[in-house]
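These notes are about the structure you will find just below.
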Amino acid sequence: MKRIGILGGLTAESTSLFYNSLTRLYIEQHGDNGYPEIVIFSVRFQHFFNAFKQGDWEYCAQYLASGINQLEKAGADFAVISANMPHVLFDDIVKRVSLPLIHIADTVAEAAQAKGYKKVSLLGTMATMNASFYPDRLSKYQIECIVPDEPQKEMVHQVLENELFKGIIKEESKTAYLKLIHELKERGAEAVILGCTEIPMLINSENSPLPLLDSSLILAQTALDKALN
Numbered sequence: 036m037k038r039i040g041i042l043g044g045l046t047a048e049s050t051s052l053f054y055n056s057l058t059r060l061y062i063e064q065h066g067d068n069g070y071p072e073i074v075i076f077s078v079r080f081q082h083f084f085n086a087f088k089q090g091d092w093e094y095c096a097q098y099l100a101s102g103i104n105q106l107e108k109a110g111a112d113f114a115v116i117s118a119n120m121p122h123v124l125f126d127d128i129v130k131r132v133s134l135p136l137i138h139i140a141d142t143v144a145e146a147a148q149a150k151g152y153k154k155v156s157l158l159g160t161m162a163t164m165n166a167s168f169y170p171d172r173l174s175k176y177q178i179e180c181i182v183p184d185e186p187q188k189e190m191v192h193q194v195l196e197n198e199l200f201k202g203i204i205k206e207e208s209k210t211a212y213l214k215l216i217h218e219l220k221e222r223g224a225e226a227v228i229l230g231c232t233e234i235p236m237l238i239n240s241e242n243s244p245l246p247l248l249d250s251s252l253i254l255a256q257t258a259l260d261k262a263l264n
């Protein structure tokens, strides 16, 4: 059984959600508490986010790479980044580390293909929705990725940054997200990618008008499968 490394702190909410998902998936599927060994290195989110907003990509990539190197020193056999946004820097991070990494968008693309989806929508931080890593990796599976328009992106991002990143849940924000998903469905989306690990705090399979591709849950399953095989 392999030891899983988690680069966390991006944010604290996403890290705890990811850890809980990973361990609960094992218990649900195997019926005991024999889940793999897990090591977590939690970076300082504000420190990273300030540099990210300033566009200091070199520093951001090096900072996250240093965290992954700490995971390797702690004995991890491979690692995942428990948040979507840092995957904007994934290729730059990979160049700085020797520990194998799993890309969250690859796992989501494989899950979308398995469901037979041809057109999916994406919700996440502004950086994630504006980045190419989801559309590019989905396109390899002949899946189109659509994103909200600019005012909608701003609404999604502000709820994340001002509320969910801090563990704050507001009913009006849930209503706004659900209205947006209805509009994305009208644009032809067959499913919606929850491309920020805090979004499930508002949206779930019971209230969503579209099927969900929960990126955190999908990545957790992939990491679990890799650790067990």
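Each residue of the sequence shown is one higher than the one before, starting from 36 at the first, in this note's numbering. From the three backbone atoms N, C-alpha and C, an ideal C-beta is built for every residue, glycine too.
If you draw a straight line from the Cα of G40 to the Cα of K88, it is about 26 Å long. Contact annotation, T160 with M190: C-beta distance approximately 12 Å; criterion of less than 8 Å not satisfied. Here S49 is not near T257, since their CB atoms are 7 Å or more apart.
Beta bridge pairing from DSSP links F113 with I39. For A224, no alpha helix (DSSP H) run applies, since DSSP gives it neither H nor E.
Here S174 is exposed: its Cβ has fewer than 16 other Cβ atoms, across all protein chains shown, within 10 Å.
Per DSSP, reduced to three states, the secondary structure at S208 is helical.
Judged by their CB atoms, A118 and L45 are nearer to each other than the 7 Å cut-off.
Pairing L158 with P183, the inter-Cα distance amounts to about 8 Å. The beta carbon of A224 sits closer than 7 Å to those of K154, V155, S156, I181 and L245, all from its chain and outside the five residues before and after it, given in chain order.
F76: member of the beta strand (DSSP E) spanning I73 to S77, first to last residue. In its chain, beyond the 5 residues on either side, G44 and G102 have a beta carbon closer than 6 Å to the beta carbon of V78.
At a Cβ-Cβ threshold of 7 Å, D249 and L229 count as neighbours.
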